[in-house]
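Mapping of the sequence shown onto the working numbering: residues 1190 to 1495, in sequence order.
Ideal Cβ placement from N, Cα and C applies to all residues, glycine included.
Quick notes on the structure that follows.
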Amino acid sequence: MSIPTPQLSLPPELEREIFETASVRNPESIPTLLLLCRRVNIWILPFLYRVFVMSARLNQAALDSILHAFNSKPPEFLESTVRHLFLHKFANIDKYKNLLAKCTGTINLSLDVDVELTSLLPLHMPRLQRLAITVPSFRDPDWSWTASFTSITHLDLFQGADCGGMASKTKWQKWAGLATLPSLTHLALSPSIAEGILQRITEEMPRILLLVVTCYSWGRGEGILFAENSLLTVRDPRIVVIVIQAKYEEDWRLGAWGGDDAWVRAEEFVARKRAGEVEDSCYLIDETVDDASDSSSQNHETSLQP
């Protein structure tokens, strides 16, 4: 007589928590998890749309296919599922207005497309906390869009290395609209923007808790020069110059899925500085350099001597 094998089962609440945790920690597993059974599909499907990336790494056919799939979803579904939205380098923002109009529950939006800043005005994203946008280098910024984004706490403004010095030629009055964002506490700027207005930001925006000058490996020299030159006259413990090893999309994805992105790493640096673990004259984190004296860290912190 054979003995039947006992069927192991978990409480549904615990089973759901396991699958949701697996989805967050390993997003690549979501398509496979969706195939397990109907109840897991119901639990996990929202995580497939939670972080929505349309990247320039994809060809146009793939981008159009993804966009069509999302546009076919009812507004209430996208409103309740999409939380992190990444649209980069492939078309004018007009092509994505329908999608943006449906994703009203977005809390984290990154736009590097052909966009006039005033195009942001019609967007209704009352929960938006993080916004990253490329500022056109050939015109003065129009800050009227800020009236629609009073909940933003983290703002990342970028201009490419080929725009160096353009912002520095612009008077603070043309950038003072930054101060109209009532909830803003974290501000990141590319060196070409920070060069001309960093001093005034420290004076005019006391609510700012973290002020990051951001570079990537391809612009490492620009970041180091900025730290060595500009910060000799602008000294403020809230400032961090960070040269990021990872590509922007990789770092953004890391933060969207709850990892320690550049914002978190810069915050930790400032906290260590306030605790006396980092010299007051140190403003630069260079993640492209391995620090052989500390195998647990890939950051190279440089002090600026007066």
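Worksheet item: Is Phe-1338 helix, strand or coil by DSSP?
Response: DSSP places Phe-1338 in coil when its eight states are reduced to three.
Worksheet item: Alpha carbon to alpha carbon, how far is Met-1243 from Val-1430?
Response: Per the coordinates, the alpha-carbon of Met-1243 lies some 28 Å from the alpha-carbon of Val-1430.
Worksheet item: If you run the structure through DSSP and keep just helix, strand and coil, what is Ile-1233?
Response: Here Ile-1233 sits in helix by DSSP.
Fill in: Ala-1377 versus Val-1459: straight-line alpha-carbon distance, rounded
Cα to Cα, the separation comes out at about 14 Å.
Discussion item. Quick check on DSSP: helix, strand or coil for Pro-1495?
Written reply: Any answer about Pro-1495 is weak, because its pLDDT of 33 lies below 50 and its placement is not dependable; what the coordinates show is given next. Here Pro-1495 sits in coil by DSSP.
Discussion item. Taking 6 Å as the limit between beta carbons, can you name the residues of its chain near Asn-1287, skipping five residues before and five after?
Written reply: Residues Asn-1260 of the same chain have their beta carbon placed closer than 6 Å to that of Asn-1287, with the five preceding and five following residues left out of the count.
Item to complete: For His-1257, name the three-state secondary structure that DSSP assigns.
Response: In the structure shown, His-1257 sits in a helix (DSSP, three-state: H, G or I).
Worksheet item: Considering only C-alpha positions, which residue in the set Ile-1282, His-1257, Thr-1422, Phe-1241 is nearest to Arg-1272?
Response: The residue with the shortest Cα to Cα distance from Arg-1272 is Phe-1241.
Item to complete: Report buried or exposed for Glu-1265, applying the criterion of at least 16 other Cβ atoms within 10 angstroms of its Cβ.
Response: By the neighbour-count rule (16 or more Cβ atoms within 10 Å), Glu-1265 is not buried but exposed.
Worksheet entry | Whether Cys-1404 touches Glu-1393 by CB criterion (7 Å) | No. Outside cutoff.
Worksheet item: Closest to Ser-1419 by CA distance: which of Thr-1374, Ser-1337, Tyr-1472 is it?
Response: From the listed residues Thr-1374, Ser-1337, Tyr-1472, the smallest Cα separation to Ser-1419 is found for Tyr-1472.
Worksheet item: Can you tell which of Asn-1215, Arg-1454, Pro-1395, Ala-1435 has the C-alpha that lies nearest to the C-alpha of Val-1401?
Response: Answer by Cα proximity: Arg-1454.
Practice prompt. Give me the Cα-Cα distance between Arg-1461 and Ile-1397, rounded to the nearest whole angstrom.
Written response: Looking at the two C-alpha atoms, the distance is approximately 18 Å.
Discussion item. Give me the DSSP bridge partner(s) of Trp-1319.
Written reply: Correcting the residue type first, residue 1319 is Arg in the shown sequence and not Trp. Beta-bridge pairing links Arg-1319 to Asn-1297, His-1343.
Worksheet item: Does DSSP classify Val-1242 as helix, strand or coil?
Response: Here DSSP, grouped into helix, strand and coil, assigns Val-1242 to strand.
Item to complete: Assign Gly-1354 to one of two classes, buried (16 or more other C-beta atoms within 10 Å of its C-beta) or exposed (fewer than that).
Response: Unreliable placement is indicated for Gly-1354, whose pLDDT of 46 sits below 50; the coordinate value is still reported in the next sentence. Gly-1354 should be labelled exposed.
Worksheet item: Taking the continuous alpha helix (DSSP H) assigned at Val-1453, which residues delimit it?
Response: For Val-1453, the enclosing alpha helix (DSSP H) stretches over residues 1451-1463.
Worksheet item: Does the beta-carbon of Arg-1442 have 16 or more other beta-carbons within 10 angstroms, so that it is buried, or is it exposed?
Response: Buried: at least 16 other Cβ atoms inside 10 Å.
Practice prompt. Identify, in the order they occur along the chain, each residue of the same chain with its Cβ nearer than 8 Å to the Cβ of Ser-1406, setting aside the five sequence neighbours on each side.
Written response: Counting only Cβ-Cβ distances below 8 Å, and skipping sequence neighbours, we find Val-1432, Ile-1433, Gln-1434, Thr-1477.
Item to complete: May I ask which residues mark the beginning and end of the alpha helix (DSSP H) holding Ala-1416?
Response: For Ala-1416, the enclosing alpha helix (DSSP H) starts and ends at 1409-1418.
Worksheet item: Between Pro-1371 and Ser-1340, what straight-line distance do the alpha-carbon atoms span, to the nearest angstrom?
Response: The C-alpha of Pro-1371 lies about 8 Å from the C-alpha of Ser-1340.
Worksheet item: Under the rule that 16 or more other beta-carbon atoms within 10 Å means buried, what is Ala-1251, buried or exposed?
Response: With fewer than 16 Cβ atoms within 10 Å of its Cβ, Ala-1251 is classed as exposed.
Discussion item. Going by DSSP in three states, Ile-1282 sits in which element: helix, strand or coil?
Written reply: In the three-state reduction of the DSSP assignment, Ile-1282 falls in the helix class.
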